[in-house]
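Numbering (this note's numbering), first residue to last: 2 to 282.
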C-alpha cells in the first residue's frame, strides 16, 4: 500500500482551512481517507467563535474515526453522525442557524479487500483510477449547475476590473444570490450543522479489484485541471502518483503566480488552500 498527502495554505499569513487524513485499522486490512475544504466565511460576523480551521479539524477527525471504527455505518451515516457530534461541540457557544456557520466540502473513501466506497459533497473531487489505467472523476455537480441568472451575475463580476467599486458591488450581489442557494432545494449542499445534508452526498462503491488508486483533491488543487486546464484528470493522477501530491500543488502555485490578477483564468481567489491525498490501496 502506498499513501501520500500534502496540504498548503493559499496565504501563509492565514490558517489553512483544508483538512486531509488517512487511517488504517489495527488489523492492517482496509482503511479510509477524509479530505475537507473549509468554506471561507465573510469578514463580518458569522455566528461562530471558533472559526473554520477548528470546524474542519473537528468534523474531519470525527468523520475519519467513525469511518474506520464503525464499518457497519455507511459513509453517509458516518458523515451525519460526525456533523451532529461537531455541532454539539459548539452548539452552546455559537449560532449554528447562521447561513455561514462554519462548513466544508467533504470527500471520504473507505476500502476493504472487497470494495471501495466513496462519498463526495460539494466541489472537491475524488479520482478513481481503474485497474485498466482509466480515471473516473467523482463529482458533485450542483455548484456548477446554478441557475442561469446566478451564473450571469458571476460572469458580470469577473468582467469588471479587480479592485473597482463596481466589481465590489456586483460581487456583493452575486454573493447574496449564491447564499440563497446554500443548503437549499435547487441549490448546493455543504456539511455545516444539519446532519440531514449527508443524504445529499454523491455516494457509491466499486469492486476493490477494479481500483488501482484513489486521489482526493480540494478545489484549490483541482484547479490545475478545472481552472488552468493544464491537463486531464488522468494527467493529474499520473502527476500525483509519479511525483507526489506536493508536485501538483507546486504546479498550481506556478499557474497562480503566472496570473496574479486572475485575468487569463478567472477564479474567486488568486491563491487558494490546496490539499491532495493519494492512496494505492
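Positions of the beta carbon are idealized from the N, C-alpha and C atoms, including for glycine.
C-beta atoms of residue i and residue j nearer than 9 Å
i: residue 50; j: residue 85; result: no
i: residue 123; j: residue 56; result: no
i: residue 198; j: residue 207; result: no
i: residue 276; j: residue 80; result: no
i: residue 82; j: residue 39; result: no
i: residue 218; j: residue 108; result: yes
i: residue 34; j: residue 132; result: no
i: residue 97; j: residue 88; result: yes
i: residue 280; j: residue 204; result: no
i: residue 72; j: residue 31; result: yes
First and last residue of the uninterrupted alpha helix (DSSP H) at residue i
i: residue 87; result: 76-91
i: residue 57; result: 53-70
i: residue 224; result: 220-227
i: residue 246; result: 246-259
Rounded straight-line distance, which links the Cα of residue j to that of residue i
i: residue 173; j: residue 183; result: 15 Å
i: residue 148; j: residue 54; result: 30 Å
i: residue 258; j: residue 246; result: 19 Å
i: residue 112; j: residue 185; result: 31 Å
i: residue 103; j: residue 6; result: 24 Å
i: residue 154; j: residue 136; result: 33 Å
i: residue 118; j: residue 214; result: 13 Å
i: residue 187; j: residue 178; result: 13 Å
i: residue 252; j: residue 90; result: 38 Å
i: residue 101; j: residue 43; result: 8 Å
i: residue 244; j: residue 92; result: 43 Å
i: residue 181; j: residue 129; result: 33 Å
i: residue 161; j: residue 169; result: 9 Å
Residue of the options minimising C-alpha distance to residue i
i: residue 175; options: 157, 257, 118, 189; result: 157
i: residue 274; options: 41, 33, 30; result: 41
i: residue 127; options: 59, 222, 180; result: 222
i: residue 255; options: 210, 140, 11; result: 11
i: residue 13; options: 282, 278, 272; result: 272
Delimiting residues of the beta strand (DSSP E) encompassing residue i
i: residue 170; result: Element bounds for residue 170: not the beta strand (DSSP E) but the alpha helix (DSSP H), 166-180.
i: residue 138; result: 136-139
i: residue 107; result: 105-112
i: residue 159; result: Not the beta strand (DSSP E): residue 159 falls in the alpha helix (DSSP H), residues 149-160.
i: residue 5; result: 3-9
i: residue 208; result: 203-208
> So, do the segment 40-49 and the segment 63-77 have three or more beta carbon pairs nearer to each other than 8 Å?
Replying inline: Between the segment 40-49 and the segment 63-77 there are fewer than three C-beta pairs closer than 8 Å, too few to call the two in contact.
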